[in-house]
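A.B. asks: Can you read through this structure? Questions will come right after.
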Amino acid sequence: MQAVMSQEIFGTDGIRGKALEGWLSVEAVEALGRAAGTVLGVGSGHAAEALIAHDGRASAKALQEALARGLAASGVAARTAGLLPTPGLAWLTATQDVSLGVMISASHNPAEDNGIKLFAGAGSKLTDAQQSEIEMRLREEMNRVDPGGQAAGSLDLTHDAHLEDLYAEHLIQLAKSGEPLDLAGAKVVIDCANGAASHVGPRVLEAIGAEVTTLFGAPTGTNINEGCGSTYPEPLQERVKALGADFGVALDGDADRCLLVDEKGDLVDGDAIMAILARDAAARGLWSDLRIVATVMSNRGLHRALEPVGVGVVEVGVGDRQVVEGLRQNGLRLGGEKSGHIIFGADSGFIGDGLLTALHVLGVRARTGKTLSELAAPFVPFPQVLLGLKVAAKPALETLPIFQEKRMRYEEELGADGRVNVRYSGTESKARVMVEGPDAARIQEIGDDLVDTLREEIAARAST
Numbered sequence: 387m388q389a390v391m392s393q394e395i396f397g398t399d400g401i402r403g404k405a406l407e408g409w410l411s412v413e414a415v416e417a418l419g420r421a422a423g424t425v426l427g428v429g430s431g432h433a434a435e436a437l438i439a440h441d442g443r444a445s446a447k448a449l450q451e452a453l454a455r456g457l458a459a460s461g462v463a464a465r466t467a468g469l470l471p472t473p474g475l476a477w478l479t480a481t482q483d484v485s486l487g488v489m490i491s492a493s494h495n496p497a498e499d500n501g502i503k504l505f506a507g508a509g510s511k512l513t514d515a516q517q518s519e520i521e522m523r524l525r526e527e528m529n530r531v532d533p534g535g536q537a538a539g540s541l542d543l544t545h546d547a548h549l550e551d552l553y554a555e556h557l558i559q560l561a562k563s564g565e566p567l568d569l570a571g572a573k574v575v576i577d578c579a580n581g582a583a584s585h586v587g588p589r590v591l592e593a594i595g596a597e598v599t600t601l602f603g604a605p606t607g608t609n610i611n612e613g614c615g616s617t618y619p620e621p622l623q624e625r626v627k628a629l630g631a632d633f634g635v636a637l638d639g640d641a642d643r644c645l646l647v648d649e650k651g652d653l654v655d656g657d658a659i660m661a662i663l664a665r666d667a668a669a670r671g672l673w674s675d676l677r678i679v680a681t682v683m684s685n686r687g688l689h690r691a692l693e694p695v696g697v698g699v700v701e702v703g704v705g706d707r708q709v710v711e712g713l714r715q716n717g718l719r720l721g722g723e724k725s726g727h728i729i730f731g732a733d734s735g736f737i738g739d740g741l742l743t744a745l746h747v748l749g750v751r752a753r754t755g756k757t758l759s760e761l762a763a764p765f766v767p768f769p770q771v772l773l774g775l776k777v778a779a780k781p782a783l784e785t786l787p788i789f790q791e792k793r794m795r796y797e798e799e800l801g802a803d804g805r806v807n808v809r810y811s812g813t814e815s816k817a818r819v820m821v822e823g824p825d826a827a828r829i830q831e832i833g834d835d836l837v838d839t840l841r842e843e844i845a846a847r848a849s850t
């Protein structure tokens with residue numbers, strides 16, 4: 387464990403890595419429970435209680451029990467909601483009288499990974515100060531000879547099935563409020579990624595009248611995100627076409643992301659979803675400030691789709707924390723990422739919710755009488771390639787001279803009609819290379835060359 391102690395704990399979206407190893411070992415997670423309970427449970431103004439949920443991975447039970455033991459040692463009792471989306475856990479944390487919420491999930495990662503996301507009593511993600519204090523206490527706990535003074539053992543953790551009911555009813559009521567959403571006669575296919583929304587997703591859509599076909603809604607603990615969900619939408623696209631369905635919904639493992647499929651079987655990504663929602667808000671006069679927040683990875687076609695209706699784009703760095711910060715600083719109502727992580731500002735506690743996103747777009751469809759393909763038509767994406775490279779190390783990109791020289795040369799070639807964005811993933815051992823420009827074949831060549839150069843230069847650096 388000593389080698390692990392030197393590693394970074396929190397990434398861009400909580401703690402994530404191989405399940406039951408490193409900072410996700412049973413020992414470390416129990417210590418995390420003690421640290422989080424101490425920081426968030428004392429003097430929070432809420433009951434000394436925590437809610438825990440998970441996305442269905444095989445490792446969830448061991449991690450859940452370890453967390454509960456640690457929380458109990460800090461004086462915080464725990465209840466589990468069981469299988470539930472991350473946004474559901476965040477909403478419950480905000481609406482129930484509890485000190486904190488803990489989501490056990492690795493989102494879109496494979497089943498052998500897992501992760502932990504912490505929410506404060508208001509249902510919001512941790513502030514930098516809270517995260518730093520928890521990290522400091524966690525390291526202190528792990529340095530103790532006998533952390534907690536108690537042996538790991540079983541714990542009678544209360545499973546409160548009513549918590550799923552509360553979240554489902556919350557979404558149903560949102561759909562029925564204002565201009566009620568009635569999906570009677572609509573054929574909807576939902577891909578639950580064998581993850582957190584496998585129960586609640588179809589339930590909500592059926593409750594508002596849809597004829598629902600569920601794909602990948604049977605978690606086994608080892609099949610989450612396996613060839614399905616928002617990372618692999620092809621099976622959903624095929625099923626929508628085969629059934630002649632009106633609408634397809636692809637969620638990721640913890641259901642905070644959502645991609646859609648139109649009635650033709652074409653994918654509607656996060657950029658297109660933001661274009662649909664922003665154009666609708668502008669047409670209905672819903673916003674006093676006609677701007678949204680998007681990341682540097684969003685397609686330039688988003689800007690083009692919004693210009694005619696007077697909606698501007700505030701551009702921020704990659705990741706939901708950056709999007710949330712952009713929304714908070716500017717007092718805006720909508721932001722998101724190409725990946726389908728859509729955030730509805732303070733209205734939803736600044737938490738992405740895949741099911742809520744789908745309901746909002748279904749609402750636009752019902753109000754306008756347009757098909758999803760018609761709603762998405764104003765968004766015409768520029769050709770773009772997004773490539774991933776597995777890396778063993780993440781040297782600062784500016785310290786790689788050959789790569790940097792090529793990158794600058796390609797940026798100059800593309801000029802104002804294109805761009806290059808390269809970054810390391812905050813949750814995986816990967817580098818991501820995005821190239822956008824008018825010529826699809828050329829940007830593929832540029833992307834491939836940059837990936838090859840990056841691979842070679844990182845390998846050369848590691849061997850010296």
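Take the sequence shown: its position 36, counted from the start at 1, is 422 in this note's numbering, and no numbers get skipped.
Cβ coordinates follow ideal geometry from the N, Cα and C atoms, glycine included.
1. Is DSSP giving Val598 helix, strand or coil here?
2. Is the beta carbon of Phe730 less than 9 Å from the beta carbon of Leu748?
3. Would you call the stretch 463 to 483 and the stretch 580 to 589 touching, i.e. three or more CB-CB distances under 8 Å?
4. State the DSSP-derived secondary structure class of Phe633, mapped to helix, strand or coil.
5. Would you mind giving the Cβ-Cβ distance between Pro496 and Asn611, rounded to the nearest angstrom? I have them listed as a contact below 8 Å.
6. Compare the beta carbon distance of Ala572 and Gly735 with 9 Å and say whether it is the shorter of the two.
7. Spell out the partners DSSP gives Ala454 in its beta bridges.
8. Name the one or two DSSP bridge partners that Gln770 has.
9. For the alpha helix (DSSP H) holding His689, just list the boundary residues, first then last.
10. I need the boundaries of the beta strand (DSSP E) containing Ile678, first residue and last residue.
11. Can you tell me the Cα-Cα spacing of Gly603 and Asp577, whole angstroms?
12. Whole angstroms is fine: what's the gap from Asp834's alpha carbon to Glu435's?
13. Going by DSSP, what residues sit across from Asp499 in a beta bridge?
14. Counting only runs that start and end within the stretch 521 to 586, where is the alpha helix (DSSP H) found for 4 or more residues in a row?
15. Would DSSP call Val700 helix, strand or coil?
16. Return the CA-CA distance between Thr479 and Lys447, expressed in angstroms with no decimal places.
17. Rounded to whole angstroms, what is the Cα-Cα separation between Gly431 and Gln623?
18. For Gly696, which residues of its own chain have a beta-carbon under 6 Å away from its beta-carbon, when the five flanking residues on both sides are left out?
19. How is Glu394 classed by DSSP in three states: helix, strand or coil?
20. Assuming Asn807 is part of the beta strand (DSSP E), what are its boundary residues?
C.D. replies: So, from the listed chains and residues:
1. Reduced to three states, the DSSP call for Val598 is strand.
2. Cβ distance not < 9 Å, so Phe730 and Leu748 don't count as in contact.
3. The stretch 463 to 483 vs the stretch 580 to 589: in contact.
4. Phe633 falls in the strand class under three-state DSSP.
5. In this structure Pro496 touches Asn611 by the C-beta definition: roughly 6 Å separates them, less than 8 Å.
6. No; because the gap between Cβ atoms is not below 9 Å, this pair is not in contact.
7. Note: Ala454 sits in no beta bridge, so no partner.
8. Note: Gln770 sits in a beta bridge opposite Glu822.
9. Its alpha helix (DSSP H) spans residues Arg686 to Leu692.
10. Note, Ile678: beta strand (DSSP E), Arg677 to Thr681.
11. Take the alpha-carbon of Gly603 and the one of Asp577: they are about 7 Å apart.
12. Each residue's Cα considered, the two are about 50 Å apart.
13. Bridge partners of Asp499: Lys404.
14. DSSP runs (the alpha helix (DSSP H)) wholly in the stretch 521 to 586: 548 to 562.
15. If DSSP states are grouped into helix, strand and coil, Val700 belongs with the strands.
16. Each residue's Cα considered, the two are about 20 Å apart.
17. Near 47 Å, if we compare the C-alpha coordinates of Gln623 and Gly431.
18. Hits under 6 Å: Leu676.
19. Here Glu394 sits in coil by DSSP.
20. Unbroken beta strand (DSSP E) run through Asn807: Arg805 to Tyr810.
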